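398 is the number of the first residue of the sequence shown in my numbering; add one for each residue after it.
Before any comments, here is the structure.
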Amino acid sequence: IPGLQHARLRDLPFATRTTNPNAILLNCLRDEVQDDLRAPAIIFNIFEEFEQEIFDELKKLYPHQLHPIGPLSLLERHVVPNDSPVRAHRPTLWKDDDNCLDWLDAQPDGSVVYVNYGSIAVLSEQHFREFAWGLAGSKHRFLWIVRRDVVKDMAGVLNKEFHDEVKDRAMIASWCAQDKVLDHPSVGAFLTHCGWNSMVEAVCGGKPMICCAYFAEQPTNCRFAAKVWGVGVEIDPDVKRENICELVKEMMEGEEGKRMKAKALEWKKKAEVATAVGGSAYLSFDKVLDVLNSPVE
């Protein structure tokens, strides 16, 4: 697939992995894309260099419609006035636990693994247990966001034995302001489900990723983080605590982890340059405004 040379079949979105041309999900996706392509402008929440190969291929087909204007959270700093109510608006599905940031303030720089599976994913009890004891076995500090609906028997897994093991180096909360957490200096790595919003927020925070993808576009994002952007490692789909422990230690202590942290900071700097006044994303945003202000034909 042009622009996706690094992707394996299993890395493609689930809806596309079918031999049935009448598959419902495939046709829904196709119809949605065709509708999008009829628009005068298509915006992307990322800057062009981050997905250069893909934009190079898409521009051959759609040279005037594509507008990479992100990361939007960085662009906002330069296009939204400081006193605008837009800056105070934070859409979220769950209530943030502000204690997360207070806890991070008390931790050494780069010492915490931040763990969050997103707002939708549900884990099996077995996978949840392996994650828990993999994190515990790493002996590293971690902030773990565990939604109340992420697993059925949460209390059975996060029992007294587990809490006794991690009590001096872990915080478990139900939700947090993820963009602020990923921008915090105490966070050294991000264990993520690889949803696009999380990927972009990791870029903005300059944080490398331990990737555990579940569905939709997450496997594609996971593969690119590891093989194209150079900021991630992939968790084996057959989740085992030994694998979790090993990857956390490598990311927080190893030479490969140091390399990925440096690369993540490099991408952060590029994102800041792209969204600053005169940057590629900033100029692309200007073009979107021109489209919106042009007469309707």
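For every residue, glycine included, the Cβ atom is placed at its ideal position computed from N, Cα and C.
Every value quoted in this text rests on a predicted model; they were computed, and no experiment measured them.
Query: Beta-ladder partner(s) of E631, from DSSP; Result: C608
Query: Rounded distance between the beta-carbons of L501 and V578, thought under 8 Å; Result: 7 Å
Query: Identity of the residue in H524, D546, D576, Y511 nearest V584 by Cα; Result: Y511
Query: For R474 and M568, the rounded distance between their alpha carbons; Result: 31 Å
Query: Nearest to F587 (by Cα), restricted to the options F452, W572, P605; Result: P605
Query: Bridge partners - Y511, DSSP secondary structure assignment; Result: L540, F587
Query: Residue range of the unbroken alpha helix (DSSP H) whose run includes E641; Result: Residue identity check: residue 641 is Ile in the sequence provided, not Glu. I641 -> alpha helix (DSSP H) spans 638 to 650.
Query: Selected residue, minimal CA-CA separation from C642, among A503, I607, G515; Result: I607
Query: CA-to-CA distance, L471 to P478, given in whole angstroms; Result: 13 Å
Query: Cβ-based burial, T672 [other Cβ within 10 Å; buried from 16]; Result: buried
Query: Whole runs of the beta strand (DSSP E) within the segment 424 to 451, excluding any shorter than 3 residues; Result: 439 to 441
Query: The segment 553 to 560 in contact with the segment 519 to 536 per 3-pair CB rule at 8 Å; Result: yes
Query: Three CB pairs or more closer than 8 Å across the segment 657 to 675 and the segment 616 to 630; Result: yes
Query: Exposure of A503, with buried meaning 16 or more beta-carbon neighbours within 10 Å; Result: exposed
Query: Of the listed residues W593, D506, R638, nearest to R538 (C-alpha basis); Result: D506
Query: Span of the beta strand (DSSP E) around A570; Result: 567 to 570
Query: Exposure of G651, with buried meaning 16 or more beta-carbon neighbours within 10 Å; Result: exposed
Query: Whole-angstrom C-beta distance between V645 and S535, which should lie under 8 Å; Result: 4 Å
Query: G547 versus V519: straight-line alpha-carbon distance, rounded; Result: According to the sequence displayed, residue 547 carries Val and not Gly. The alpha-carbon atoms of V547 and V519 are separated by roughly 5 Å.
Query: N-terminal and C-terminal residue of the beta strand (DSSP E) that L463 is part of; Result: 463 to 465
Query: D550 (DSSP reduced to helix, strand or coil); Result: coil
Query: Residue range of the unbroken alpha helix (DSSP H) whose run includes R620; Result: 615 to 624
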